[in-house]
Amino acid sequence: MAATETTFRAMASSVVIITLDGPASAGRDARLRLIELEALWSRFAPGSDIDRLNTAAGSPVPVSRSTITLLQTMVAAANATGGRYDPTVLPALLEAGYRASIDDADRITTLPSGPHRSCVGMSEVHIDGDASTVTLPPDVAIDPGGIGKGLAADLVAEQLVLDGAAGALVSIGGDLAVAGESPQGHGWEVEVEDPHRPVDALAHLAVPAGGVATSSTISRRWCVDGTITHHVIDPRTGVASTTDLVAVTVVAPRAWLAEAHATGALLGGRGQVLEYAREHRLEALAVDVEGRVLPTDGLEPTLTRPILSRPIPSLREEVRS
Numbered sequence: 026m027a028a029t030e031t032t033f034r035a036m037a038s039s040v041v042i043i044t045l046d047g048p049a050s051a052g053r054d055a056r057l058r059l060i061e062l063e064a065l066w067s068r069f070a071p072g073s074d075i076d077r078l079n080t081a082a083g084s085p086v087p088v089s090r091s092t093i094t095l096l097q098t099m100v101a102a103a104n105a106t107g108g109r110y111d112p113t114v115l116p117a118l119l120e121a122g123y124r125a126s127i128d129d130a131d132r133i134t135t136l137p138s139g140p141h142r143s144c145v146g147m148s149e150v151h152i153d154g155d156a157s158t159v160t161l162p163p164d165v166a167i168d169p170g171g172i173g174k175g176l177a178a179d180l181v182a183e184q185l186v187l188d189g190a191a192g193a194l195v196s197i198g199g200d201l202a203v204a205g206e207s208p209q210g211h212g213w214e215v216e217v218e219d220p221h222r223p224v225d226a227l228a229h230l231a232v233p234a235g236g237v238a239t240s241s242t243i244s245r246r247w248c249v250d251g252t253i254t255h256h257v258i259d260p261r262t263g264v265a266s267t268t269d270l271v272a273v274t275v276v277a278p279r280a281w282l283a284e285a286h287a288t289g290a291l292l293g294g295r296g297q298v299l300e301y302a303r304e305h306r307l308e309a310l311a312v313d314v315e316g317r318v319l320p321t322d323g324l325e326p327t328l329t330r331p332i333l334s335r336p337i338p339s340l341r342e343e344v345r346s
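Using our numbering, you'd call the opening residue of the sequence shown number 26 and step up by one each time.
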């Protein structure tokens, strides 16, 4: 099968699209679809569905069908993780300092004046699928975050196959979905990045279907008053997580579900990550702050090469230096 690769940037991430025996327009169509979804879902884009929801002061907001799907997926993800995934973290995320887009510092998220509640879950969000409207409480705001990239990867990969590709891989900043056939017939080879040395691959997985996603406290960090912080908010505390893990990669039936569970597993820390994966019937690979690697037992059959084994500098040492 002939493979065609398209690369570009969207959703503040590097995007890779690979299609097998697809139509000549496949890469272009995928790019246009991701640009469309970003325009609907970005919290940094004035007038996006998410921006209008967050500034509607409690009024119902007409949104696209894609955004209805996104909100319904958020609810499913919150339920699947027991609330460890919570898109209502946005006020806490802004308070922590993550206001500007990574790609454009002039694009800043702002909310209406007045107090806002963080980490309240999705139970107060009203989604009317028939009318295609969503209503947030006036003091609640949402961040699509990683789950938006995971869902976008799922939607685009599935559409590429429906449009005639024999198989497709869509990676958005490492949130990855595959559909249809794979190049060699026994799974797409997916590299899991070493969080301590991103130029190295920690593991290579054969993924025949579904999604892979990584949640990390290293990928987006900044300094506030001399203290290093990151973008993974723990809904149980309302502040950046103090987990002793730096990254968790999860394989799941969908990329959005992998993203949600990667966050849920990361928040549980080293002592709970493998039990969390077993409880949710997932395969996962975690790395702690000292560089130790913790794979689930069932991950081994999916490995195409041994997990990287060598001393990795402690993140704590890197931060002190």
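We treat Cβ as the ideally placed atom computed from N, Cα and C, and that holds for glycine.
Check, Outcome
"Spatially closest choice to GLU63 from PRO137, LEU180, ALA49, LEU118, by CA coordinates", "LEU180"
"Local Cβ density within 10 Å of GLY189, reported as buried at 16 or more and exposed below that", "exposed"
"Three-way DSSP call (helix, strand, coil) for THR98 in this model", "helix"
"C-alpha gap between SER157 and ASP200, whole angstroms", "27 Å"
"Segment contact, 8 Å Cβ cut-off, at least three pairs: the stretch 209-222 with the stretch 56-75", "no"
"PRO49 versus ALA290, GLU30, GLU120, LEU78, residue with shortest Cα-Cα distance", "Position check: residue 49 holds Ala in this sequence, whereas Pro was assumed. Closest option to ALA49, Cα to Cα, is GLU30."
"Proximity winner among SER84, GLY47, ALA226, PRO260, relative to LEU187 (alpha-carbon distances)", "GLY47"
"Between the CA atoms of VAL273 and THR288 - distance to the nearest angstrom", "8 Å"
"Meets three-Cβ-pair contact criterion under 8 Å: the stretch 255-273 and the stretch 88-96", "no"
"Alpha carbon of LEU78 to alpha carbon of GLN209, nearest angstrom", "44 Å"
"Same chain, Cβ closer than 8 Å to ILE332, neighbours up to 5 away in sequence not counted", "LEU227, ALA228, LEU310, VAL318, PRO320"
"Where ALA290 falls, given that 16 or more other Cβ within 10 Å makes a residue buried", "buried"
"Rounded separation between GLY236 and VAL159 - CA only", "27 Å"
"Opening and closing residue of the beta strand (DSSP E) in which GLU308 lies", "308-313"
"Whole-Å CB distance - THR254 paired with GLY122, under 8 Å assumed", "7 Å"
"Member of GLU183, GLU120, HIS141, ILE60 whose CA lies at the smallest distance from the CA of PRO163", "HIS141"
"ALA231 - containing beta strand (DSSP E), residue span", "226-232"
"Contact under 8 Å by Cβ, ALA202 with GLY192", "no"
"Cβ neighbour criterion (16 or more within 10 Å) applied to ALA265", "buried"
"Identity of the residue in ILE197, LEU185, SER196, GLY251 nearest GLU206 by Cα", "LEU185"
"Cβ neighbours of PRO260 in the same chain (closer than 7 Å, five flanking residues each side left out)", "GLY108, ARG109, ASP111, VAL114, CYS144"
"Extent of the continuous alpha helix (DSSP H) run through ARG58", "51-66"
"Separation of GLY72 from SER339, as counted between CA atoms", "For SER339, the predicted model reports a pLDDT of 44, less than 50, meaning its position is unreliable and no value from the coordinates is stated."
"Alpha helix (DSSP H) segments (min. 4 residues) lying fully within the stretch 254-309", "280-293, 298-304"
"Element boundaries [beta strand (DSSP E), containing PRO320]", "318-320"
"Best match in ARG295, GLU325, ARG303 for proximity to VAL312 [C-alpha to C-alpha]", "ARG295"
"Where ILE167 sits in the DSSP three-state scheme", "coil"
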